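Offset between the sequence shown (1-based) and the numbering used here: plus 9. In what follows, a structure is listed as C-alpha cells, so that the remarks can point back to it.
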Amino acid sequence: MQKLTRFFTRYFLLCFLTVGLLSSAGAQPADIFKPLKVGQHINITSVNGGVEVSLLDDGVLPSGYVVVELGSTYLLVEDYIKITRTWIPVTSIVKVIHTRLPKPVR
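The following block contains the structure:
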C-alpha cells in the first residue's frame, strides 16, 4: 500500500510541475503592451470602468507609475516613490496612449 501511495504522490507531483513549467514558459506579454518596457514611466487614468495607460516617448519626465513587469494577462506597476505595487488585468485596460515628442530641427 505504501508503494502505491508513493507512486501516486510522485506521479501527481510530476504532473503539477510539468504543467506549471509549460504554462509559464510560453507566456508572452499581451499585444496591447507592445509600446511598454520594464522601467518605463507611465501615467494611469480611470476611464469608463477601466484604465488608460499613457506614456511619453522619451520618458524623461517622471510620471506617477513605473512598469515593473509585463505579464501575459496583467501589467504590474509601482508608484513613483515605490510604496505601492498594483497588478492591472489586461481586461481592464481600455487603451495605451503613446505620445511621441517631435525631434528638434537644427
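Ideal Cβ positions, reconstructed from N, Cα and C, are used throughout, including at glycine. These numbers come from a predicted model, not from an experiment.
- Ranking GLN49, ASP40, ASP66 and TYR74 by CA distance to the CA of ARG109 puts ASP66 first.
- For GLY80, the closest C-alpha among the options TRP96, HIS50, ASN57 and LYS91 is that of TRP96.
- For the 7 angstroms CB-CB criterion, GLU87 and VAL75 form a contact.
- The three-state secondary structure of ILE41, taken from DSSP, is helix.
- One alpha carbon belongs to LYS104, the other to ARG115, and they sit about 34 angstroms apart.
- VAL99 is not bridged by DSSP to any residue.
- Here ARG94 really is in contact with LEU85; their C-beta atoms are around 6 angstroms apart, less than 8 angstroms.
- Counting other Cβ atoms within 10 Å of its Cβ, VAL56 stays below 16 and is therefore classed as exposed.
- Closest in alpha carbon position to ILE51, among PRO113, PRO111, LYS112 and HIS107, is HIS107.
- Taking C-beta atoms as the reference points, ILE92 and VAL60 fail to come closer than 7 angstroms.
- Assignment of ILE53 by DSSP, reduced to helix, strand and coil, places it in the strand class.
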